[in-house]
Amino acid sequence: MESSNPILLADNERQLLWPDISENSRDILLSIGAGYSSDWSGDTEQDSVAPKALKPLGQMGLVARLATLRLVQQNTSSCQEAWASFKRSLADNPHSLEKCHRLNVPYGRGQTLCKLDEVSKLDAMQAEAFAFLQQTSNSLDPSIQAYNSANLDKIAHQLVASLFYFQVRDAYDLNDYKYHCTGRLYCRLSTSLIQQGASLINTGKPRFRVSEEENLEGEEIIFGQRGWEYNDFSISASFDALVYAKKGVRVQVTFVGWEGEWEDISGFPRKFKRRGRM
């Protein structure tokens, strides 16, 4: 009950596990809630917790009921507040904000969350959650459902993009302005998933590009479908980048059907250690 939304603990652990990665470099950070009571617009109904939480506590003494109710109220509201506080801490970093997501199903007009002992209502809650995810709920504004659907697509794309990572072999200066980097791109799918990996590459037709904050359009690198090694899902890659890019480079990927949307692969943006000129 102390960390009903352990978002800060998880993010601090990430920094301890990968101390050499930038503090604000996250592939994706996803917080998943257990649902909340809301109005038609998806806004939280602040007064919905107390009366529902009291009913199953009738056999407890007054002190026990008050203590339990306090914990229920604190944790119901603290989950959302913990996330809001975490997002506020990233307010000056747009790149981090676009990698952090909160998924929580709003139970809108005419819907109620299960009480602590209402196991029989779980099926109804599940049905409403599916309706919300499929944009067919009659309890919420359709625009809220459409926004959530677009957000789910964004999350799915970032998860797929994070399957790919770059392993540098060499990086050296070409001149005072540019350096050259060589290495291999890998897909971290297990080699036991050869069929799925081949489908992702052959059907999805991934394309990669390199960009810097100072050159956002980037240099698109098209590999085609030749050159992938299916024994380890890798392909040779090399690119030039700007020496003076303050936040390093971004290697991004897009797939057929993404309608021009590009997402960072794992570990980017990133700065490379370089040696002198060849």
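Its first residue numbered 5, the sequence shown is counted upward by one per residue in this note's numbering. Where a beta carbon is used, it is the ideal one built from N, C-alpha and C, also for glycine. All of these numbers come straight from a predicted model, not from anything done at the bench.
Span separating the alpha-carbon of V247 from that of R281:
12 Å
I'd like the ranges of any beta strand (DSSP E) spanning at least 3 consecutive residues and lying wholly in the stretch 230-270.
238-246, 253-258
Indicate the three-state DSSP secondary structure (helix, strand or coil) for Q200 in the structure shown.
helix
Which word fits G261, buried or exposed, when buried means at least 16 other C-beta atoms lie within 10 angstroms of its C-beta?
exposed
Would you kindly work out how many angstroms separate the C-alpha atoms of V257 and F134, rounded to a whole number?
30 Å
Closest to G271 by C-alpha separation, out of S240, Q130, Q162, would be which residue?
Q162
Beta-carbon contacts of N155 that lie in its chain and below 7 Å, excluding the five residues immediately before and after:
H105
Looking at F243: is its Cβ nearer than 8 Å to the Cβ of C185?
yes
Extent of the continuous alpha helix (DSSP H) to which Q171 belongs
First-last for Q171: 168-177, but that is the beta strand (DSSP E), not the alpha helix (DSSP H).
Apart from the five residues just before and just after Y181, which ones in its own chain have a Cβ nearer than 8 Å to its Cβ?
L246, V247, Y248
What is the DSSP secondary structure of P146, reduced to helix, strand or coil?
helix
According to DSSP, is P10 helix, strand or coil?
coil
In the DSSP assignment, the alpha helix (DSSP H) including L101 goes from what residue to what residue?
98-101
Whose CA, out of S147, A202, Q171, S194, lies closest to the CA of G187?
Q171
Name, in chain order, the residues that DSSP records as bridge partners for C104.
L33
Could you check if Y111 is buried or exposed, using at least 16 other CB atoms within 10 Å of its CB as the buried criterion?
buried
Neighbourhood of K209 by C-beta, 6 Å cutoff - its chain only, sequence neighbours within 5 removed
V260
Going by Cα to Cα distance, which pick from D268, K250, E132 is closest to Q149?
E132
For N219, which residues does DSSP report across the bridge?
E216
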